[in-house]
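Beneath this line is the structure, given in structure tokens, with notes to follow.
Okay, here's the thing in structure tokens:
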């Protein structure tokens, strides 16, 4: 599971050789550790909008070193680019080129975050062109950044302020090491819902969370991350994985629930366990999933149906049970694990991609149902993540998978877990029905 | 009352205690966890008793979120036990996720070890001495202790006491080649030299238990256990271990025809009357089990389920040495005593868990209870003790299918029965009662009554 190449090109001879040959030199990403500063170095807030002023004031209250104008040759931790008032394509140039002058001063592991409004049918064509233009701009910029720096955007629905709880939560997420492997992505904030975390290092304190597929890999990382963030955990996996599940449960001080999620009564059993032990359930993380890869010409019933059944049908059925339960009513959160395969497709994965795209459809349609209880449902779509599963991919294919993204490396299970923890937090309540990619800006797909 | 038999009447105080007229608390079964049982020499061949007991305990901790919890007391034991495991249960606690401040003790009562840990700890809870407990048991027939001969042991011990070289040489000269052969643990009864199977063969012949009846019981055991697995019954009773997710001995596809083809292995001197085969006898098995017990208050405070209460228990022993009763027939006496004390009859029991040491053990027990003369002369009753409704017997399979790691069987039965009773009680809207009966080496037996909550 270790990326030997990345280790090699960080030191001595390996570094020199890679440099001379123009080989990729993946950076060591800045990853979150509890108690560490949100970001090191000053944060430059660019753009002459009211929201830019509001954000700068807010960031000051976070004890950050905030700049409204660049100081030449001062290393910057982050650049926040407020583009929320652009009315036509011509309005993009000034703020963007002003920010461009500071790009060379962005420190390794730095951040660029745009703040904008969504293009919609209600806009004038020119305004929509400008707003949509930000999309292409940011995604291209993210591909130009080096040294583990990332570029992401926050898109605020009309009427939602940049200083709303979820906008600030998204900004905090993007600035922090929690978003290390999220690159070239936008988070849409659709409502003013959300409670700022009382303790930013324990954003899930007091929450009861279920994680499926928690015995190993990404599921185990989700369990550890939610535990670190203060949640009390119920860990679910198939009975056959019970020994690994028990080990993770004992590590994170949670309970192990051995359960095949494709059983008809899985939702009832999850709710029953949560109600018995904790009186309620706050967070449901649908992580369990399987692959049964085959070219479609060779696909059979069992390979197709098992993937659909576990990856999407089970989630639908469990969600139905949860939404019908009085124990899942207080700002409930659901986070599902989708996949970039569900966005871009993948040869040999017609069944898997159908199931994962299905998850995204489910998330979109379920968002209003959750919103009616003050809750939310979102998905994360991991790209190439270093797990036991990807370690079994043949070497050449694996190397391509690893390098074909803006960060030139695979992500870790914890990178996926960090994004899930963020979406599960109350501060993120205004983010609903979204799919957020954790892929290092993979070249394939969107 | 017969003077020859074992009276079923108990002392008056005991009756009032059991009836709850003194202020005893309830001891409840919260749940259990075991590792799948493996045939000796298979999946757990390289696992020690300590490994397996710790794994079973860690699975229990994970199931109920008991990490760092200080449990009132943990009691477990093993029948085949290394001398190095003098503090087996405490060592398992120290190796587990429980608080290191959890006390523990070992207990040993042959195959009744597991059930006796439940009974003893439940009694402590009832008395208010502890609020929570874990009962358990483990056995490895694969990792059995091998000991040196008495001759070699004698020489080694004398050597350690010798002071001079000549003394040492003189002691060493006593060694003979035969002293160097190691001794494997025997399964024979020390006082009769007969193995447990040979003892049961005598009882089987005495009660005229047919081969067909034994095979049918074995078949039902496998069928019931397989069905329980299919229905997900064991999802919250078992945690996989070393690649095994189900009991290794389970033959879901066995048939009466297949069982009928097996050759007798015990009582072969009985000729045509030899009926006991490898199919209707339990194999040597490795495994471990645990049961979480608590007072109602403790269970409520920890938001834990209360499946069933441990109502009462009884131990009995028989004089098998002089052939008065069969080696494994002690429960035949214990159960009537227990039921009479509780004012119950066999008809009041919803589920029977009679440990299948051998199919014939169960059938001999049932036959003795249905026998008029035995009831009168040996149980001190007016006639036969009664019949067991077979549809209520070992409904989720028993030792013939699951296997029988001696000390682990009690915990397996108690946790499964408590879950079964709880579901039955919910369905029927009235408390369901279960009876556990475990026979043991040395002519002993321990039986207990559980009642659903």
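Residue numbers (the UniProt record's numbering), protein chains in the order written: chain A, 1 to 446; chain B, 1 to 453.
Backbone N, C-alpha and C fix where the C-beta goes; we use that ideal spot for every residue, glycine too.
These figures come from a predicted structure and were not determined experimentally.
Would you give the residue range spanned by the alpha helix (DSSP H) that residue i belongs to?
i, result
"residue 71 of chain A", "Careful: residue 71 of chain A lies outside any alpha helix (DSSP H) and carries neither H nor E."
"residue 126 of chain A", "125-144"
"residue 375 of chain B", "372-377"
"residue 307 of chain A", "301-308"
"residue 53 of chain A", "50-61"
"residue 174 of chain A", "165-175"
"residue 357 of chain A", "350-371"
"residue 389 of chain A", "388-391"
"residue 104 of chain B", "It is not in any alpha helix (DSSP H) - residue 104 of chain B instead sits in the beta strand (DSSP E) that spans 104-106."
"residue 272 of chain A", "266-278"
"residue 335 of chain B", "330-341"
Let me know if residue i comes out buried or exposed under the rule of 16 or more other beta-carbons within 10 Å of its beta-carbon.
i, result
"residue 7 of chain A", "exposed"
"residue 161 of chain B", "exposed"
"residue 434 of chain B", "buried"
"residue 340 of chain A", "buried"
"residue 212 of chain A", "buried"
"residue 427 of chain B", "exposed"
"residue 14 of chain B", "Note that residue 14 of chain B scores a pLDDT of 49, beneath 50, so its modelled location is shaky and nothing firm can be said."
"residue 206 of chain A", "exposed"
"residue 436 of chain A", "buried"
"residue 408 of chain A", "buried"
"residue 394 of chain A", "exposed"
"residue 124 of chain A", "exposed"
"residue 165 of chain B", "exposed"
"residue 261 of chain B", "exposed"
"residue 157 of chain B", "exposed"
"residue 5 of chain A", "buried"
"residue 268 of chain B", "exposed"
"residue 48 of chain A", "exposed"
"residue 302 of chain A", "exposed"
In the DSSP assignment, find the beta strand (DSSP E) that holds residue i and state where it starts and stops.
i, result
"residue 378 of chain A", "376-382"
"residue 322 of chain B", "First-last for residue 322 of chain B: undefined, no H or E at that position."
"residue 108 of chain A", "106-116"
"residue 436 of chain B", "433-440"
"residue 186 of chain A", "186-189"
"residue 152 of chain A", "150-156"
"residue 286 of chain A", "283-286"
"residue 444 of chain B", "444-452"
Should residue i be flagged as near chain D, meaning a C-beta pair shorter than 8 Å?
i, result
"residue 420 of chain B", "The chain labelled as chain D is not found among the protein chains of the depicted structure, namely A and B."
Taking the Cβ atom as the reference point for each residue, do residue i and residue j lie within a distance shorter than 8 Å?
i, j, result
"residue 313 of chain B", "residue 438 of chain B", "no"
"residue 148 of chain B", "residue 182 of chain B", "yes"
"residue 167 of chain A", "residue 189 of chain A", "yes"
"residue 421 of chain B", "residue 436 of chain B", "no"
"residue 105 of chain B", "residue 75 of chain B", "yes"
"residue 285 of chain A", "residue 371 of chain A", "no"
"residue 299 of chain A", "residue 350 of chain A", "yes"
"residue 429 of chain A", "residue 374 of chain A", "yes"
"residue 420 of chain A", "residue 359 of chain A", "no"
"residue 298 of chain B", "residue 416 of chain B", "no"
"residue 236 of chain A", "residue 270 of chain A", "yes"
"residue 247 of chain B", "residue 406 of chain B", "no"
"residue 317 of chain B", "residue 207 of chain B", "no"
"residue 345 of chain A", "residue 311 of chain A", "no"
"residue 318 of chain A", "residue 266 of chain A", "yes"
For the pair the segment 79-93 of chain B and the segment 128-148 of chain B, tell me if three or more CB-CB distances fall below 8 Å. yes
Kindly provide the ranges of any alpha helix (DSSP H) runs that are 4 or more residues long and lie completely inside the segment 21-82 of chain B, ordered along the chain. Runs found: 49-64.
Three CB pairs or more closer than 8 Å across the segment 36-52 of chain A and the segment 10-28 of chain A: no
Check whether the segment 399-407 of chain B and the segment 218-237 of chain B touch, using three or more Cβ-Cβ pairs below 8 Å as the test. yes
Cβ contact (3+ pairs, closer than 8 Å) linking the segment 360-368 of chain B and the segment 324-331 of chain B: yes
Going along the chain, which unbroken runs of the alpha helix (DSSP H) with 4 or more residues stay wholly within the segment 361-413 of chain B? Here the runs fully enclosed are 372-377, 399-402.
Identify every run of the alpha helix (DSSP H) within the segment 210-255 of chain A, keeping only runs that are complete inside it and at least 4 residues long; order them along the chain. 217-228, 242-251
Specify whether the segment 60-78 of chain A and the segment 214-228 of chain A touch according to this definition: at least 3 beta carbon pairs, one from each stretch, less than 8 Å apart. In short, these stretches do not touch, since the Cβ pair count stays below three.
Does the segment 27-44 of chain B come into contact with the segment 291-299 of chain B, if we say contact requires no fewer than three beta-carbon pairs (one atom in each stretch) closer than 8 Å? yes
Does the contact criterion of 3 or more C-beta pairs under 8 Å hold for the segment 20-30 of chain A versus the segment 143-151 of chain A? Proximity of the segment 20-30 of chain A to the segment 143-151 of chain A meets the contact definition, three or more beta-carbon pairs being nearer than 8 Å.
Does the segment 155-170 of chain B come into contact with the segment 120-139 of chain B, if we say contact requires no fewer than three beta-carbon pairs (one atom in each stretch) closer than 8 Å? no
For the segment 333-345 of chain B against the segment 370-386 of chain B, do three or more pairs of beta-carbon atoms, one drawn from each stretch, fall closer than 8 Å, so that the two count as touching? yes
Unbroken beta strand (DSSP E) runs of length 3 or more, entirely within the segment 217-287 of chain B: which are they? 264-266
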